[in-house]
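A.B. asks: Shown below is the structure under consideration.
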Amino acid sequence: MKTQEISGPASAAPFALQPGDPIYARVLRVLLMIWHAMTTSRKVAIGSAIVAFFILVGLFGPVIMNTDPNAISTLFITPPTAAHWLGTTVVGQDIFTQLIYGTRTSVFWGLGTGVLVTLLSVMVGLVAGYFGGWIDDVLTLLTNVSLVLPALPLAIVLAAYFPRGSLTICLVIVFTNWAWQARVLRAQTLSMRSREFVTAARTSGEHTWRIIFVEIFPNEIGIVVAGFVSTTIYVILTWTALEFLGLGDRTIPSWGSILYWAQQAGALGGGLWWWFIPPGACIALLGAGLSLINFGIDEIADPRLRRERPVKVKNIKKAVA
Amino acid sequence: MTDKQADTQANTLLEVKHLNVDYLASNGTVHAVTDVNFVLRRGEILGLAGESGSGKSTLAYAITRLLRPPAMITSGEILYYPRGDDDSCDILQLNSRQLRSIRWNDLAIVFQSAMNALNPVMNVGAQIMDVLRAHRPEMGPDSRKKRAIELLQLVGIAPDRLRSYPHELSGGMRQRAIIAIALALSPEILIMDEPTTALDVVVQREILTEIIRLREQLGFAVIFITHDLSLLLELADNVAIMYAGRLVEQASSRDLHQHPRHPYSYGLLNSFPALHGPLRRMSGIHGSPPDLRAVPPGCAFHPRCPLVFSPCRTDLPLLRPPVQGEDNGRLVACHLYDPRYNAEPPSTTDLARKYEALVEGSVTQ
Amino acid sequence: MNDLDLAVERTEVDYHAAPILEAVHLRKLFPLGAMSAFGTKQAVHAVEDVSLTLYPGRATALVGESGSGKTTVARVLAGLYTPSSGSIRFRGEPAKLTSTRLRTYRRHVQLILQDPFSSLNPVHDVRYHLARPLRIYGHARNKTQETENILSLLNRVNLSPAEQFIQKYPHQLSGGQRQRIAIARALAVQPEVLLADEPVSMLDVSIRLDILNLLLRLKAEEHLALLFITHDIATARYFAEDMVVMYAGQMVEGGPSNDVIQQPKHPYTQLLISAAPDPGRLDPDKSAEELPARGEIPSLIHPPTGCRFHPRCPHAMPVCSQRFPPRTELGGGRWTHCFLYGDGDSETSPSA
Numbered sequence: 007m008k009t010q011e012i013s014g015p016a017s018a019a020p021f022a023l024q025p026g027d028p029i030y031a032r033v034l035r036v037l038l039m040i041w042h043a044m045t046t047s048r049k050v051a052i053g054s055a056i057v058a059f060f061i062l063v064g065l066f067g068p069v070i071m072n073t074d075p076n077a078i079s080t081l082f083i084t085p086p087t088a089a090h091w092l093g094t095t096v097v098g099q100d101i102f103t104q105l106i107y108g109t110r111t112s113v114f115w116g117l118g119t120g121v122l123v124t125l126l127s128v129m130v131g132l133v134a135g136y137f138g139g140w141i142d143d144v145l146t147l148l149t150n151v152s153l154v155l156p157a158l159p160l161a162i163v164l165a166a167y168f169p170r171g172s173l174t175i176c177l178v179i180v181f182t183n184w185a186w187q188a189r190v191l192r193a194q195t196l197s198m199r200s201r202e203f204v205t206a207a208r209t210s211g212e213h214t215w216r217i218i219f220v221e222i223f224p225n226e227i228g229i230v231v232a233g234f235v236s237t238t239i240y241v242i243l244t245w246t247a248l249e250f251l252g253l254g255d256r257t258i259p260s261w262g263s264i265l266y267w268a269q270q271a272g273a274l275g276g277g278l279w280w281w282f283i284p285p286g287a288c289i290a291l292l293g294a295g296l297s298l299i300n301f302g303i304d305e306i307a308d309p310r311l312r313r314e315r316p317v318k319v320k321n322i323k324k325a326v327a
Numbered sequence: 043m044t045d046k047q048a049d050t051q052a053n054t055l056l057e058v059k060h061l062n063v064d065y066l067a068s069n070g071t072v073h074a075v076t077d078v079n080f081v082l083r084r085g086e087i088l089g090l091a092g093e094s095g096s097g098k099s100t101l102a103y104a105i106t107r108l109l110r111p112p113a114m115i116t117s118g119e120i121l122y123y124p125r126g127d128d129d130s131c132d133i134l135q136l137n138s139r140q141l142r143s144i145r146w147n148d149l150a151i152v153f154q155s156a157m158n159a160l161n162p163v164m165n166v167g168a169q170i171m172d173v174l175r176a177h178r179p180e181m182g183p184d185s186r187k188k189r190a191i192e193l194l195q196l197v198g199i200a201p202d203r204l205r206s207y208p209h210e211l212s213g214g215m216r217q218r219a220i221i222a223i224a225l226a227l228s229p230e231i232l233i234m235d236e237p238t239t240a241l242d243v244v245v246q247r248e249i250l251t252e253i254i255r256l257r258e259q260l261g262f263a264v265i266f267i268t269h270d271l272s273l274l275l276e277l278a279d280n281v282a283i284m285y286a287g288r289l290v291e292q293a294s295s296r297d298l299h300q301h302p303r304h305p306y307s308y309g310l311l312n313s314f315p316a317l318h319g320p321l322r323r324m325s326g327i328h329g330s331p332p333d334l335r336a337v338p339p340g341c342a343f344h345p346r347c348p349l350v351f352s353p354c355r356t357d358l359p360l361l362r363p364p365v366q367g368e369d370n371g372r373l374v375a376c377h378l379y380d381p382r383y384n385a386e387p388p389s390t391t392d393l394a395r396k397y398e399a400l401v402e403g404s405v406t407q
Numbered sequence: 058m059n060d061l062d063l064a065v066e067r068t069e070v071d072y073h074a075a076p077i078l079e080a081v082h083l084r085k086l087f088p089l090g091a092m093s094a095f096g097t098k099q100a101v102h103a104v105e106d107v108s109l110t111l112y113p114g115r116a117t118a119l120v121g122e123s124g125s126g127k128t129t130v131a132r133v134l135a136g137l138y139t140p141s142s143g144s145i146r147f148r149g150e151p152a153k154l155t156s157t158r159l160r161t162y163r164r165h166v167q168l169i170l171q172d173p174f175s176s177l178n179p180v181h182d183v184r185y186h187l188a189r190p191l192r193i194y195g196h197a198r199n200k201t202q203e204t205e206n207i208l209s210l211l212n213r214v215n216l217s218p219a220e221q222f223i224q225k226y227p228h229q230l231s232g233g234q235r236q237r238i239a240i241a242r243a244l245a246v247q248p249e250v251l252l253a254d255e256p257v258s259m260l261d262v263s264i265r266l267d268i269l270n271l272l273l274r275l276k277a278e279e280h281l282a283l284l285f286i287t288h289d290i291a292t293a294r295y296f297a298e299d300m301v302v303m304y305a306g307q308m309v310e311g312g313p314s315n316d317v318i319q320q321p322k323h324p325y326t327q328l329l330i331s332a333a334p335d336p337g338r339l340d341p342d343k344s345a346e347e348l349p350a351r352g353e354i355p356s357l358i359h360p361p362t363g364c365r366f367h368p369r370c371p372h373a374m375p376v377c378s379q380r381f382p383p384r385t386e387l388g389g390g391r392w393t394h395c396f397l398y399g400d401g402d403s404e405t406s407p408s409a
């Protein structure tokens, strides 16, 4: 017998996805949920604004600029001016143009790789956690091996071995980064599997795949989203690191490749600050934005982290210890 | 069993007057306990019954002042009459030092999940001696150990269990150990909040027998809180029934069992199938307990009551004797027994017939 | 309170009726990961040699304390666990519980779980919970049919107005309403056998009988065979025609519920009944009553040999620790596993 002193239906987490009937209602609910999260937590609001800014720049920046980011001019190594807001490179390329085009490359490959990493870890985590037995043994072994291997050195070795290109880096990062989140989801699925609603679905004859992805997965969506955000931060950093080492496609401007060329030209020693500070600042800012979203999600998921709003009470005769 | 008029004042141990407890929530204030009055006599076992959300646990916590915000005692008095002392003290007015001394020494509480509250890395003896060390600093280590062994024997645990860790004890043994700790300082009042709910029937019966035996031996009073009315009727001298934060009926166990007056009491009694006697269809009570943020006006039970009539929906019934001139401590809060509203109070059979009518056409909201 | 003539109607005992579901010598071990010192694999001996028969239109109660194995029996019968040995027969045919045939079996046998607060998925609404079994078993082929069927299911479990419940989520429902949804989900499959694992123990006391009465009505209307798992022997008498008492994984006694309670034969059944709360027992010297035995259910990793109740039994004999007593028929459909009543090992027969 559960004794709840405050009666009334227990309210579920306000951000559980609730796929109800008509599609538009579902979409509306998701939008409302995002809006609610953004308005209740200042961290989520600021974080989302930063991320949204970079996505918008990545989407529309190049369309508005509409110039070749690699175009060479005779204005070598110019500090920021009215014509070249962020100055030029050793071969006279406009750094602002490169940065805008680079934002598109970095943000979209970063987010895309984050999605792929999340997809793989969801598959591995849910399957291992739900099935158990030898499937779990094999997948857990793979996960643990992958966790033990140092991710960045391995990524460098692999990226250097395979043909150079963005797709290679993307796959290398997916391959080296899926394990952490898979492990978290496996543990969560393991506990979900013993919930009564899963037993109930099994007794009503539900298909295994439906149990995994329609019964269990929606209950883990919060963890998946939080995992996606933190993975994406790491993915963007790794991506930049590999490009900085010259393992990416150096001909396409991205934050990493701008830094690579700056390094090649000795910009750091030569005091060409306008060349390496802007891409570095962009990386830091996007990382901060994503982290803020993550902190916000943590707070929403765990009310203990939320700051208590003082309850205004009148006529209380006795405060209780 | 039931105390007669003679011992009115001298035997009073605890008197709760107009106690109100609210939970302050962002979406409305929950009135968990509203205007509760009762008297606990020395050596009495008072049963407090009600469904979940009736406020019975909140009431217990309020008496011990263990409520934490957002729960607030908004008004009322809890008068405690120490033995051999004519003066009473209001527990709600005590400062934290006085409160500390009154808890354990005079007032001990056994919680619902208390048996899981034992410290897993300390043996049982050490946990009992800890309480003694904290509250009886004048006791030496030897006398503390002696007392611990004595307490374990008191609750039926062999003294060689002194060095046992909680995980080495069964659920029933752990609950006994908790009772031993509660009794360590010989309190006057033992408050037990669903102490046997997590236990199997056989162990539950053993613990209850133990409580009755210890009460006779040591003379403490018990406030026993449970949702299991059939258990309470066997155990308690007097029973108070709570619904939506208010007491709706008070009577001796025997009177309540034979003639429940409040339709809710009848319904609750009628929710426990009998072990013996003819089998008959029973109905329980339709609907669910109210949301305490929005308690129905008038009598809170009226939406579920099969005997509802017009004043129930508007006027709040107060506790009063159900039969004029009868002085057996019986109180009921129901307009059916108020001559101003209803000239002829219903008999138990009338209540039964109304509930019986519900059995077949069982429709719920 | 006895002057009511509202007796519980009981299905006439007809042991010639064809049984619908039979458990034959079921045994279930749960192997433990750890090895013992001798290198043998340890196991929890949850259920030893349980045989049960369910008849259409009749309810059988499986009564026991925690650790008695009653829930394991229900889950084996629901096809959630495979029995370590023994078999399940459905309509006289051995039921095949391999993964491919399991769905055919579940078409006939459904389970209602104990905790309505966790047996419904918080992310899905009532429609989803009821639509899935309808779709899986082909009882609804399109959306209109589905809605129609869901509304009729909701009405059958007394959730009205049904139109309002169809879109609700579990957190918007009370415990009793959730359990009604869980019952409706089981009914959606259109089963012949309903296994109810403590269906009311998590609910508020005042609404428990409502749910039990609903199950009784459905039993009568649909001629369902019901297995009712409970720890409360008084409720078992109210609900079920027949009763089987289990202790530590073994069956100890069975027969018509009322007879078992009025005249318990096995010492454990006697203990269980004397421990059950009973306000009818109210008399001045209520504390005088002593329990015939003490203690709790033993560990099932190394259970006592023979009759598992013998360490606690006031009538234990040497033979009790040597072997498990065979089933002794006591007449009138009653039986027990106790040497006090069979095998000529004892002339004494303790009164209830």
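Chains as they are written, first to last, in our numbering: chain X, 7 to 327; chain Y, 43 to 407; chain A, 58 to 409. Where is the CB? At the ideal position from N, CA and C, for every residue including glycine.
1. Which same chain residues, not among the five before or five after I318(A), have their C-beta less than 7 Å away from its C-beta?
2. Where does T268(Y) fall in DSSP's three states?
3. Let me know if G107(A) comes out buried or exposed under the rule of 16 or more other beta-carbons within 10 Å of its beta-carbon.
4. Can you check DSSP and say which residues form a bridge with I151(Y)?
5. Output needed in chain order: residues of the region 176–200 of chain A with a Cβ under 9 Å from some Cβ in chain X.
6. For T139(A), count neighbouring Cβ atoms within 10 angstroms of its own Cβ and tell me buried if that reaches 16, exposed if not.
7. Which residues mark the beginning and the end of the alpha helix (DSSP H) in which F137(X) is found?
8. Leaving aside the five residues before and after A77(X) along the sequence, list all residues of the same chain whose C-beta is less than 6 Å from its C-beta, in chain order.
9. Can you give me the start and stop residues for the alpha helix (DSSP H) that P313(A) sits inside?
10. Can you name the start and end residues of the beta strand (DSSP E) that T117(A) belongs to?
11. Between the C-alpha atoms of H177(Y) and A226(Y), what's the straight-line distance to the nearest angstrom?
12. If we cut at 9 Å on Cβ distances, does S143(Y) have a partner in chain A?
13. By how many angstroms is the C-alpha of V245(Y) removed from the C-alpha of E258(Y)?
14. Determine which residues share a DSSP beta bridge with V101(A) and list them.
15. Distance, Cα to Cα, T80(X) vs G275(X)?
16. When you compare the CB positions of I133(Y) and Y122(Y), do they come within less than 9 Å of one another, or not?
17. For G293(X), tell me which candidate among I83(X), R208(X), V113(X) has the shortest Cα-Cα distance.
18. Determine the contact status of R218(Y) and I233(Y), defining contact as a CB-CB distance below 9 Å.
19. Between the alpha carbons of C395(A) and H323(A), how many angstroms are there, rounded?
20. Since F80(Y) sits in a beta bridge, which residues does DSSP pair it with?
21. Mapping DSSP to helix, strand and coil, what is I286(A)?
22. With a CB to CB cut of under 7 Å and the five nearest residues on each side skipped, what residues in its chain are close to D64(Y)?
23. Taking C-beta to C-beta, are L334(Y) and L393(Y) nearer than 9 Å?
24. Give the DSSP bridge partners of V72(Y), in chain order.
25. Measuring CA to CA, which of G120(X), T205(X), F250(X) is closest to V231(X)?
26. Between the C-alpha atoms of L253(X) and V63(X), what's the straight-line distance to the nearest angstrom?
27. Going by DSSP, what residue range makes up the alpha helix (DSSP H) through R255(Y)?
28. Exposed or buried, Y162(A), counting other C-beta atoms within 10 Å across all chains shown (16 or more means buried)?
29. Return the first residue and the last residue of the beta strand (DSSP E) that T139(A) is part of.
30. Can you list, in chain order, the residues of its chain whose CB lies under 8 Å from that of K59(Y), leaving out five sequence neighbours each side?
31. Any idea what DSSP makes of W392(A), helix, strand or coil?
32. Tell me which residue opens and which closes the alpha helix (DSSP H) that G89(Y) is part of.
33. Tell me which same chain residues have a C-beta within less than 8 Å of the C-beta of S172(X), skipping the five on either side of it?
C.D. replies: To lay it out plainly:
1. I290, R294, I330
2. strand
3. The question names Gly, but residue 107(A) in the sequence shown is Val. The residue is buried, with at least 16 neighbouring Cβ atoms inside 10 Å.
4. I233(Y)
5. S176, L177, N178, P179, V180, H181, D182, R184, Y185, H186, R189, P190, I193, Y194
6. exposed
7. 101–137
8. none
9. Segment 307–313 is the beta strand (DSSP E) holding P313(A); no alpha helix (DSSP H) there.
10. 116–120
11. 10 Å
12. no
13. 20 Å
14. F87(A)
15. 22 Å
16. yes
17. V113(X)
18. no
19. 6 Å
20. V58(Y)
21. strand
22. T71, V72, H73, A74, M114, T116
23. no
24. Y65(Y)
25. G120(X)
26. 25 Å
27. 243–260
28. buried
29. Here T139(A) belongs to no beta strand (DSSP E), and DSSP marks it neither H nor E.
30. N79, G118, E119, I120, L121
31. strand
32. That residue, G89(Y), is in no alpha helix (DSSP H); its beta strand (DSSP E) goes 87–91.
33. T111, W115, G254, D255, I258
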